[in-house]
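Single-structure report; data block below.
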Amino acid sequence: MPRRPRPAQRHAAARDRVVSLSSGVDNLIAGHPWVFRDDAVRRLGTLPIGAEVDVHDARRGRFVARGLFEPEGPVAIRIFTRSQEQHFDEPYLIACLERAAALRQSWLDAGDTNAYRLVNAEADGLPGLVIERFGAFWVVQPYSDLWSTIPEPLIDWLEPRAERGVLLRSRQRGQSPKLAVLRGEGPPDDARIVEHGLEYVAFTQGGVKPGLYLDHRDTRQRLAPWLSGKRFVNAFSYTGGFTVAAARQDCESFNIDQSGWCHDVARENLRQNEARGKHHFITEDVFEALERWTEGEVDAVLLDPPAFSTSRRGVQSNKKDLARLVTLGSRHLVPGGLLMVASNEGRLAWNEFLSQVGRGAHRAERSLRVLGKWGSSVDFPSLPAFPEGDRLKILVATADRL
1 MPRRPRPAQR HAAARDRVVS LSSGVDNLIA GHPWVFRDDA VRRLGTLPIG AEVDVHDARR
61 GRFVARGLFE PEGPVAIRIF TRSQEQHFDE PYLIACLERA AALRQSWLDA GDTNAYRLVN
121 AEADGLPGLV IERFGAFWVV QPYSDLWSTI PEPLIDWLEP RAERGVLLRS RQRGQSPKLA
181 VLRGEGPPDD ARIVEHGLEY VAFTQGGVKP GLYLDHRDTR QRLAPWLSGK RFVNAFSYTG
241 GFTVAAARQD CESFNIDQSG WCHDVARENL RQNEARGKHH FITEDVFEAL ERWTEGEVDA
301 VLLDPPAFST SRRGVQSNKK DLARLVTLGS RHLVPGGLLM VASNEGRLAW NEFLSQVGRG
361 AHRAERSLRV LGKWGSSVDF PSLPAFPEGD RLKILVATAD RL
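Once you know that position 287 of the sequence shown is 287 in this note's numbering, the rest is easy, because the numbers rise by one and skip nothing.
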């Protein structure tokens, strides 16, 4: 289980494990799973990490939720239940895994796909924890110190469902991610996953990065027929996921990414799937490449920037640079061309995201007509009162000249 105090410690501190809040309670009642570290929470003192804390409504004097305590960081308590009878123990953990698996089996139309998210943290009752399937391997990814030790019952549950291994992708503060083997074997360099019948490299850079970001599975499938026979820009192309999906039919792509290794993996993905059409690779900062664009107008521009990226210009982010990126990309579109803009920045709300896209298009003297506002696939469920957990925002529009 996540790090929890010993029974004697739990008994001794039980009376101190109640926090009464006078503000933010309505959000918790609506389903928000975080309690931030305000003055009331600081009075909890030096509870051990993973201690169960009951949250009460100070105005009404009643129980609201129960969560796990984190001594550091802005989030002090991660809610896991609204029931006073429920505790974060082994039966609860197994029940969450079973329920998460049942949801994917019921609602995920995977078809010939063997890569998906099994556990999406708070939305699946396991705050701060992500578990994904990459073909023959399960990958456990902690996003909270609560999971600094992965509980054996969780590994025991995953192991018989893994063809080859259960892996841990962990990240210490200020360090690059690392991949470790929890059970079974580690992935070979040529490990593959299958998505809607297409093969992709499963892991890159020694396994510390996924070969494909799974939240865009639906996006790739929906965009592919629209890109058939078209010339398009795939900006921040990473390992070429959008391009590979579109290249089942003839097309011409311009893939821009400042990391040469991304292009190497993208070429391998295209080769493995016998891609059709003509595909160009531009190893350069995306902003600079779009500023100096000399390839004429294109039928579609796909903009999928990371939440943060670093170039010789400094740190770029969705929150401050998205409008400029839209301006640079949309000005190269043919009249009526397709613009796709995505953001996975949880702190960028939908209204701000749409506003930035609109401002950027206007500066390029383009008028947008929205075709769709998309999100992640059903294996990335979210909570209605938790916008921070609904990270992926996708706008698809046509662009005409003003």
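Each residue gets a CB set at the ideal place from its N, CA and C atoms; glycine is no exception.
- Under the DSSP assignment, Phe134 falls in the beta strand (DSSP E) whose first and last residues are Leu129 to Phe134.
- Annotation for Ala266: the continuous alpha helix (DSSP H) segment containing it runs Gly260 to Gln272.
- The Cβ atoms of Tyr200 and Asn269 lie closer than 8 Å to each other.
- The DSSP-derived three-state label of Thr81 is strand.
- Comparing C-alpha distances from Gly337 to each of Phe242, Ala235, Arg401 and Ile193 shows the shortest one belongs to Arg401.
- Rounded to the nearest angstrom, the Cβ distance from Ala100 to Asp124 is 4 Å, consistent with a contact under 8 Å.
- In terms of Cβ geometry, His332 and Val194 do not form a close pair [threshold 8 Å].
- Under the DSSP assignment, Val244 falls in the alpha helix (DSSP H) whose first and last residues are Gly241 to Ala246.
- Its chain contains Ser253, Leu270, Asn273, Ala275, Arg276, Gly277 and His279 as the residues whose beta carbon lies nearer than 8 Å to that of Ala247, once the 5 sequence neighbours on both sides are disregarded; these appear in chain order.
- Around the beta carbon of Pro160, a 10 Å sphere encloses fewer than 16 other beta carbons of the protein chains shown; the residue is thus reported as exposed.
- Contact check for Val19 against Val53 passes: the beta carbons are separated by less than 8 Å.
- The C-beta separation of Ala364 from Thr327 comes to about 5 Å, placing the pair in contact by the 8 Å criterion.
- Below 8 Å, enough C-beta pairs join the stretch 47-62 and the stretch 76-87 to call them touching: three or more.
- By the neighbour-count criterion, in which a residue is buried when 16 or more other Cβ atoms sit within 10 angstroms of its Cβ, Arg192 is buried.
- When secondary structure is reduced to three states using DSSP, Glu288 falls in the helix class.
- In the three-state reduction of the DSSP assignment, Trp157 falls in the helix class, which pools H, G and I.
- Looking at the backbone, the Cα of Thr113 and that of His56 are separated by about 44 Å.
- In the three-state DSSP reduction, Arg164 falls in the coil class, being neither helix nor strand.
- According to the DSSP assignment, Trp350 belongs to the alpha helix (DSSP H) that extends over Trp350 to Arg363.
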